[in-house]
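This report refers to the structure that appears directly beneath it.
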């Protein structure tokens, strides 16, 4: 036997959405760990390359010091071919004691123009960058005691190191973009599938209601023929309930179809809903409707809008455990919108749960399906292009829902 407090179709939907949120955080944490590890690994490679380039520059400096000795001039061609020339990645500038460049390598300079002034500006700019990265390496001349004979090697990291340093961030950005578009595509397809389920469930419900509703209508006609029953209060109330069932069937049939919106008097509709609910609610519940302007209207679908008001009022009655006051206020906003506030004196909603109340399956009631507020949100926002949200909620003091309809 199925426990009536459980939803046989939805399962424990509230825990499902909570676990879903937890999985998102776990996935985010896992992604951050992978990204952090990737950055650390790449940085370790960069540091290793930097050390290798530093050793290469030191060798380059020793080579220049060695070739400056005239006694070793026979080895000059060999050294430049095997050590100096192969350096095609590390930007290097060699300057004399006065700071004038004498040798430079791997710096983009258009030598074809033979513009010495432009070349000097480029080298000067590069020297400032190199000064900030590494201390220059001093090369003693033929006379170590003569400072004017010294040369200085300036250098910076190669472009390969720069590319490697930014590579993990580019890689993670590409992966993040791929995951984002994949998630959006998956969410869109899942939402489309959910919409089909919503529509199928609603239309099947309307179809199932049709048979008993037709039977009730037939019995009502029989009661109207009976002289002892036709004028009794029970017959009149039964007729109202049958009309309500017809309205409910119409509501379910409207789900999935493009609703017809008409300019309706909102005040009159809310009054009719309040009157209907007040007679069918505990005498310990008082529903008060406040509206200073009885001509506030908006383009709405009457059966669906009435459903939302009725649903919010029933939720409020449940939140108050069948005893308290519901205040419905209708007024015009400063932008001409219709503002509807539904306030109760119930147990309120914890701030941690406010974001979850419109999710399918969320319910604080043992017998709740957790679909009422979800349907209300879909009706107001998808069909009426309005907004519905929790305006205010205080635990053990009550909750206020606000509906905004464009006029």
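Residue numbers (our numbering): 23 to 429. Even for Gly, the Cβ is constructed at its ideal location relative to N, Cα and C.
Report the partner residues of residue 352 according to the DSSP bridge assignment. Position 330 of the chain shown, counted from the start, is the residue given in the question as residue 352. Residue 352 is bridged to 313 and 362.
| Per DSSP, cross-strand counterpart(s) of residue 321 | Here residue 321 refers to the residue found at position 299 of the chain shown. Per DSSP, 285.
| query | Between residue 346 and residue 352, what straight-line distance do the alpha-carbon atoms span, to the nearest angstrom? | reply | Here the question's residue 346 lines up with position 324 in the chain shown. Here the question's residue 352 lines up with position 330 in the chain shown. Approximately 20 angstroms, taken between the alpha carbons.
6 angstroms Cβ shell around residue 205 - same chain, five flanking residues per side excluded: Translated into the one-based positions of the chain shown, residue 205 becomes position 183. Nothing listed; no residue qualifies.
Taking 8 angstroms as the threshold (C-beta atoms), are residue 396 and residue 382 in contact? Within the chain shown, residue 382 is the residue found at index 360, counting from 1. Within the chain shown, residue 396 is the residue found at index 374, counting from 1. Yes, the Cβ-Cβ distance between residue 382 and residue 396 is below 8 angstroms.
Could you work out which residue in 362, 359 and 413 is closest to residue 377 when comparing CA atoms only? Translated into the one-based positions of the chain shown, residue 377 becomes position 355. Among 362, 359 and 413, the Cα nearest to that of residue 377 is on 413.
Exercise. In whole angstroms, what is the alpha-carbon distance linking residue 172 and residue 161?
Worked result: On the chain shown, position 150 is the one that residue 172 refers to. On the chain shown, position 139 is the one that residue 161 refers to. C-alpha separation (whole angstroms): 6 angstroms.
Original post:
Can you give the Cα-Cα distance for residue 296 and residue 303, rounded to whole angstroms?
Top reply: Taking the chain shown and counting its residues from 1, one reaches residue 296 at position 274. Taking the chain shown and counting its residues from 1, one reaches residue 303 at position 281. The alpha-carbon atoms of residue 296 and residue 303 are separated by roughly 10 angstroms.
**Asked** Under 8 angstroms, do residue 151 and residue 131 count as touching if we go by C-beta distance?
**Response** On the chain shown, position 129 is the one that residue 151 refers to. On the chain shown, position 109 is the one that residue 131 refers to. Cβ distance not < 8 angstroms, so residue 151 and residue 131 don't count as in contact.
Measure the alpha-carbon distance for residue 178 versus residue 80 and round it to whole angstroms.
Numbered from its first residue, the chain shown carries residue 178 at position 156. Numbered from its first residue, the chain shown carries residue 80 at position 58. Taking the straight line joining both Cα atoms gives about 13 angstroms.
Status (buried if at least 16 other CB within 10 Å, exposed otherwise) for residue 99:
To locate residue 99, count along the chain shown from 1; it is residue 77. With a pLDDT of only 49 at residue 99, under the threshold of 50, the placement of this residue in the model should not be trusted; the figure read from the coordinates follows. Exposed: under 16 other Cβ atoms inside 10 Å.
For residue 194, which of helix, strand or coil comes out of DSSP? On the chain shown, position 172 is the one that residue 194 refers to. Helix at residue 194.
Open item on the list: Is the beta carbon of residue 291 closer than 8 angstroms to that of residue 423?
Closed with: If you number the chain shown from 1, residue 423 lands on position 401. If you number the chain shown from 1, residue 291 lands on position 269. No, Cβ-Cβ distance for residue 423 and residue 291 is not below 8 angstroms.
> According to DSSP, is residue 230 helix, strand or coil?
Replying inline: One-based indexing of the chain shown puts residue 230 at position 208. For residue 230, the three-state secondary structure derived from DSSP is helix.
Which first and last residues belong to the beta strand (DSSP E) in which residue 436 is found?
Outside the modelled stretch of the chain, which goes from 23 to 429, sits residue 436, for which no answer is possible.
Review point. Taking C-beta to C-beta, are residue 348 and residue 309 nearer than 8 angstroms?
Key: If you number the chain shown from 1, residue 348 lands on position 326. If you number the chain shown from 1, residue 309 lands on position 287. Result yes, Cβ atoms of residue 348 and residue 309 sit closer than 8 angstroms.
**Prompt:** Would the beta-carbon of residue 57 be found less than 7 angstroms away from any heavy atom of the ligand GDP?
**Reply:** Absence of the ligand GDP from the depicted structure is noted, as is the absence of any ligand whatsoever, leaving it without description.
Taking the alpha carbon of residue 186 as the point to measure from, which residue in 64, 354 and 293 has its own alpha carbon closest? Along the chain shown, read from residue 1 onward, the residue named residue 186 stands at position 164. Here the closest residue by C-alpha is 64.
Buried or exposed, going by whether 16 or more other CB atoms sit within 10 Å of the CB of residue 425?
Indexing the chain shown from 1 puts residue 425 at position 403. Classification for residue 425: buried.
**Message:** Which of the three DSSP states is assigned to residue 2 in this structure?
**Reply:** Shown here, the chain extends from 23 to 429; a query on residue 2 therefore has no answer.
**Study point:** Top-ranked residue by Cα proximity to residue 113, from 61, 148 and 195
**Key:** Residue 113 sits at position 91 when you count from the first residue of the chain shown. When only C-alpha atoms are compared, the closest one is 148.
Relative to the C-alpha of residue 83, which candidate in 175, 321, 313 and 71 has its C-alpha closest? Within the chain shown, the letter at position 61 stands for residue 83. It is 175 whose Cα lies nearest to the Cα of residue 83.
**Item:** Length of the line joining the Cα atoms of residue 228 and residue 407
**Value:** Taking the chain shown and counting its residues from 1, one reaches residue 228 at position 206. Taking the chain shown and counting its residues from 1, one reaches residue 407 at position 385. When rounded, the distance between both Cα atoms is 25 angstroms.
(Q) Using C-beta distances below 7 angstroms, list every residue in its chain close to residue 393, excluding the 5 sequence neighbours before and after it, in chain order. (A) Locating residue 393 in the chain shown gives position 371, counting from the first residue. 382, listed in sequence order.
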